[in-house]
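Protein sequence lines, in the order shown, are assigned to chains C and D. Numbering-wise, the first sequence is residues 0 to 168 according to numbering that gives the first Met the number 0. Numbering-wise, the second sequence is residues 0 to 451 according to numbering that gives the first Met the number 0. Glycine included, every Cβ here is placed at the ideal spot set by N, Cα and C. Remarks on the structure that follows.
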Amino acid sequence: MTAPVPPTKATRLYWLGRYAQRAVQVVATSPGLVDPTVEGSLRFNLDRAYENGFHLRDILDTATFAHLRLALSRCQILVPGDLLAYEGVRDAVFAFWGMADETLGTEPLDLCRWGRFLEVWASLRGTDERRGAEAWKRLTAVWTSLGVAAPTAEWEAVQGWFGECYDHV
Amino acid sequence: MPTAVLERSRAAQRPLSLSLTEAELTQIGQYFDRSAITFGLYKNARYQDRIFPFGVVPRVIEAQEYARLEKGLVQRVQALNLFLADVYGPQKVIKDGVVPAEFVTASSGFLGPCMGVKPPKDLYSHLSGIDLVQAKSGEWVVLEDNLRVPSGASYPLIARQAFRAVCPQKFPADRVVDNQDYPTRLRQTMEHVSTGGLAVVLSPGRYNSAFFEHAYLAERMGIPLVFGEDLTCRDGKVYCRSLGGLVKVGVIYRRISDEYLDPLVFEADSLIGVPGLFEAYARGRVAVVNGFGNGVADDKGLYYFVPRLVKYYLGEEAILQNAPTYLPVYPQDRAYVLANLGKLVIKDVAEAGGYGVLFGSRLSRARREEIRNLIVREPRRWIAQEVVDFQDGEIFQDGRLVARKADFRAYVLAGETTQVWPCGLTRYATEPGSMIVNSSQGGGFKDTWVLR
């Protein structure tokens, strides 16, 4: 029997995807931001990805979760200006995604990818048409896999779509 | 290179020793950190996840010694399960004068609503954690029975993995019984009593001190970890909410205390329980591991009577003995306790986790007087025990070998058969001379190697 995903876990998977992807993006755009109290900083996003992951340890499995832990540990000892160390944090998040691809069941992985690809699409829409379209295709594939209809490609609709689909559950 | 000759194997034909380099010790520490093998502590009213201190040097138990221990543990848990079925049923044990009624009905662990309720297969304590110490004479002595939500098995489970991952060539796989089948044993125990449907681990939440264990056991058993809000009761049955709809639950490995499990029957303020769960359990629609009401059998006062229960229910002499214990509720015992307060350990029966344990020799004169008055006023609230001078265990601490007091928690699983997991949690005090080994009070742990 495939383990059912309770709605509370589904929400955490979705937000884990969003925060982990935001952490990756912030390394590329504003690596200097590591103050955990600054919303949107690398540390802020990783703290939240880690916290969601901590609740999901049974689904992620210890080996996969270890990469999130590693990313956070590396972030906690970052020295401002050491750009290679920032890359090390990002590497650990990518390793987490790689492990997640291998170990997560279809439904949890789709929920996690929903959050992740939403962030990718949000960062590209209006600035990089080709890659934005690719991200949209991936989002659509996730919705299809989950049996969820696709919203219109507008930010407000896409951002609220997870709640629209699952709030009633 | 710190080297430990493993104490219990010295007498063996081929003694075991363990030499670890500083690099290996560091790597084991890193494995723990990377895997977030944590134990939560509340310090100054703030929760902290802390990596559980690992002493690395295992406790070693010889095969012959383990065989005796195993027999004694199985016997003890069988008697306790029979006792539970009896006290929530005909109460013959009281009528026959084996245990005074007040040690049953006045116990905070005795739950009135459980009277007459028969759990699946008549099993109450599916997973028991029996705490023992080994006296300097070598004799094993039971200190406490834990039949409610005994924790800790996951730590030696993952510690063995860490050790074997970091220094595989140093692990004597041909001599040590493998311990990685614990999740399978627990899962089979759950399946034995399941009423059909999903198996889940029910956790109070992320800020429970043993949350790592809840998640890790769920992961290793391949079953969902759920919180109270994920379960719902309909028509006397329990269901797990999921994106695909409701899924019937057949067995719950709960890590929440009785009083918080169902706000409709117990603590009405509980937000971590499942309203209606007790009704489903009472109607035999779901199995709960461990059952409701087990606290009456691991009450510190009832402990005194366990060897008698073995004799009463099984017709056998108890293989494992208790530490010499006195019940101040009996005038003769009370006189002895009051006359010898300075050399006894006094325990508050309402406390757990190493709290409420007072060493008479360490009490100030004023505090001793205070305790004396409390014992006279509320004799049922206390037990007193002779101090067992138990063996030290070696641990690696800060890169060197040191000796610390260590106890041992054995895990006994009661399903189709009653069996002991050939491993266990060895807990040690981190402070020299201290006898308080509880994780909740900063203690550490060791793996336990049972030899073939």
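Per DSSP, residue i forms a beta bridge with which residues?
i, result
"Arg-399(D)", "Gln-396(D)"
"Leu-12(C)", "In DSSP, Leu-12(C) forms no bridge with anything."
"Thr-37(D)", "Ile-50(D)"
"Arg-45(D)", "Lys-42(D)"
"Arg-233(D)", "Lys-236(D)"
"Glu-385(D)", "Leu-343(D)"
"Phe-407(D)", "Leu-131(D), Thr-425(D)"
"Thr-324(D)", "Gln-384(D)"
"Lys-445(D)", "Thr-425(D)"
"Asp-391(D)", "Lys-404(D)"
"Ala-413(D)", "Thr-417(D)"
"Asp-144(D)", "Ile-129(D)"
Give me the residue from the options with the minimum Cα distance to residue i.
i, options, result
"Asp-130(D)", "Ile-435(D), Cys-232(D), Tyr-206(D), Leu-156(D)", "Ile-435(D)"
"Met-189(D)", "Tyr-154(D), Ala-413(D), Phe-31(D), Gly-423(D)", "Ala-413(D)"
"Glu-212(D)", "Tyr-165(C), Phe-53(C), Asp-34(C)", "Phe-53(C)"
"Glu-415(D)", "Gly-39(D), Ser-193(D), Phe-109(D), Gly-272(D)", "Ser-193(D)"
"Ser-34(D)", "Ala-140(C), Ala-62(C), Ser-29(C)", "Ala-62(C)"
"Leu-340(D)", "Val-375(D), Val-348(D), Asn-321(D), Leu-197(D)", "Val-375(D)"
"Asn-80(D)", "Leu-15(D), Ala-44(D), Tyr-123(D), Ala-62(D)", "Tyr-123(D)"
"Ser-363(D)", "Asp-347(D), Pro-378(D), Lys-342(D)", "Lys-342(D)"
"Leu-260(D)", "Asp-32(D), Lys-42(D), Pro-203(D), Tyr-215(D)", "Pro-203(D)"
"Ala-24(C)", "Leu-117(C), Ser-144(C), Gly-162(C), Glu-163(C)", "Note that residue 24(C) is Gln in the sequence shown here, rather than Ala. Comparing Cα positions, the closest option is Leu-117(C)."
"Lys-247(D)", "Ala-286(D), Ile-271(D), Leu-146(D), Gln-440(D)", "Ala-286(D)"
"Leu-301(D)", "Gln-133(D), His-125(D), Leu-126(D), Leu-146(D)", "Leu-146(D)"
"Val-148(D)", "Arg-254(D), Arg-186(D), Ser-106(D)", "Arg-254(D)"
"Leu-15(D)", "Lys-169(D), Phe-395(D), Val-273(D)", "Lys-169(D)"
"Glu-368(D)", "Asp-177(D), Ala-338(D), Arg-426(D), Cys-239(D)", "Ala-338(D)"
"Ala-349(D)", "Thr-324(D), Leu-373(D), Lys-299(D)", "Lys-299(D)"
"Gln-396(D)", "Gly-96(D), Asp-388(D), Thr-429(D), Gly-235(D)", "Thr-429(D)"
"Leu-103(C)", "Glu-21(D), Thr-20(D), Glu-218(D)", "Glu-218(D)"
"Val-386(D)", "Pro-323(D), Pro-330(D), Tyr-427(D)", "Pro-323(D)"
"Phe-277(D)", "Tyr-410(D), Leu-17(D), Asp-297(D), Gly-235(D)", "Gly-235(D)"
"Gly-423(D)", "Ile-251(D), Val-59(D), Lys-404(D)", "Val-59(D)"
"Leu-450(D)", "Gln-63(D), Pro-223(D), Arg-240(D), Val-419(D)", "Gln-63(D)"
Excluding sequence positions up to five away, which residues of its chain have a Cβ less than 8 Å from the Cβ of residue i?
i, result
"Arg-115(C)", "Gly-16, Arg-17, Ala-19, Gln-20, Trp-96"
"Gln-320(D)", "Glu-138, Val-140, Val-141, Pro-306"
"Val-4(C)", "Leu-12, Ile-58, Glu-106, Pro-107, Leu-110"
"Ile-157(D)", "Ser-34, Ile-36, Tyr-215"
Please classify residue i: is it buried, with 16 or more other beta-carbons within 10 angstroms of its beta-carbon, or exposed?
i, result
"Thr-447(D)", "buried"
"Asp-257(D)", "buried"
"Lys-136(C)", "exposed"
"Ile-76(C)", "exposed"
"Ser-360(D)", "exposed"
"Val-305(D)", "buried"
"Lys-120(D)", "exposed"
"Pro-89(D)", "exposed"
"Pro-118(D)", "buried"
"His-125(D)", "buried"
"Tyr-280(D)", "buried"
With a threshold of 6 Å on Cβ separation, who are the neighbours of residue i within its own chain once the five nearest residues in sequence on each side are excluded?
i, result
"Leu-110(C)", "Ala-9, Leu-12, Tyr-13"
"Gln-77(D)", "Thr-417"
"Val-119(C)", "Ala-134"
"Ser-438(D)", "Phe-38"
"Arg-159(D)", "Asn-178, Asp-446"
"Asp-48(D)", "Thr-37, Gly-39"
"Gly-87(C)", "Arg-73"
Can you list, in chain order, the residues of its chain with a C-beta nearer than 7 Å to that of residue i? Leave out the 5 residues immediately preceding and following it.
i, result
"Val-309(D)", "Gln-74, Arg-75, Ala-78, Glu-315, Ala-317"
"Ile-345(D)", "Leu-357, Gly-359, Ile-370, Trp-381, Ala-383"
"Phe-31(D)", "Ile-50, Phe-53, Ala-161"
"Arg-130(C)", "Leu-123"
"Thr-48(C)", "The residue you asked about is not Thr; residue 48(C) is Ala in the sequence shown. Correct list, in chain order: Leu-15, Tyr-18, Ala-19, Ala-22, Leu-67."
"Lys-42(D)", "none"
"Arg-112(C)", "Gly-16, Val-141"
Using a C-beta cutoff of 9 Å, does residue i count as contacting chain E?
i, result
"Gly-243(D)", "In the structure shown, chain E cannot be found, because the protein chains are C and D."
Would you list, in chain order, the members of the region 42-53 of chain C that have their beta-carbon closer than 7 Å to a beta-carbon of chain D?
-> Phe-53
Using a Cβ-Cβ cut-off of less than 8 Å, give me the residues of the region 215-226 of chain D that come near chain C, in sequence order.
-> Tyr-215, Ala-217, Glu-218, Gly-221, Ile-222, Pro-223, Leu-224, Val-225, Phe-226
Chain D contacts made by the region 92-105 of chain C, where a contact means CB separation under 8 Å = none
Determine which residues of the region 280-313 of chain D have a Cβ less than 9 Å from any Cβ of chain C, and write them out in chain order.
-> none
Got a sec: which bits of the region 7-23 of chain C sit with their beta carbon under 8 Å from any beta carbon on chain D, in order along the chain?
-> Thr-7, Lys-8, Ala-9
Where the region 11-42 of chain D meets chain C: residues whose CB sits under 8 Å from a CB there = Asp-32, Arg-33, Ser-34, Ala-35
For the region 66-79 of chain C, which residues have a CB atom closer than 8 Å to at least one CB atom of chain D, in sequence order?
-> Arg-68, Leu-69, Ser-72
Residues within the region 54-65 of chain C neighbouring chain D, beta-carbon criterion of under 9 Å = His-54, Leu-55, Arg-56, Asp-57, Ile-58, Leu-59, Asp-60, Thr-61, Ala-62, Phe-64, Ala-65
Residues in the region 246-271 of chain D with C-beta within 9 Å of chain C's C-beta atoms, listed in sequence order?
-> Val-246
Taking only beta carbons into account, state which residues of the region 104-131 of chain C come closer than 8 Å to chain D, listed in chain order.
-> Glu-106
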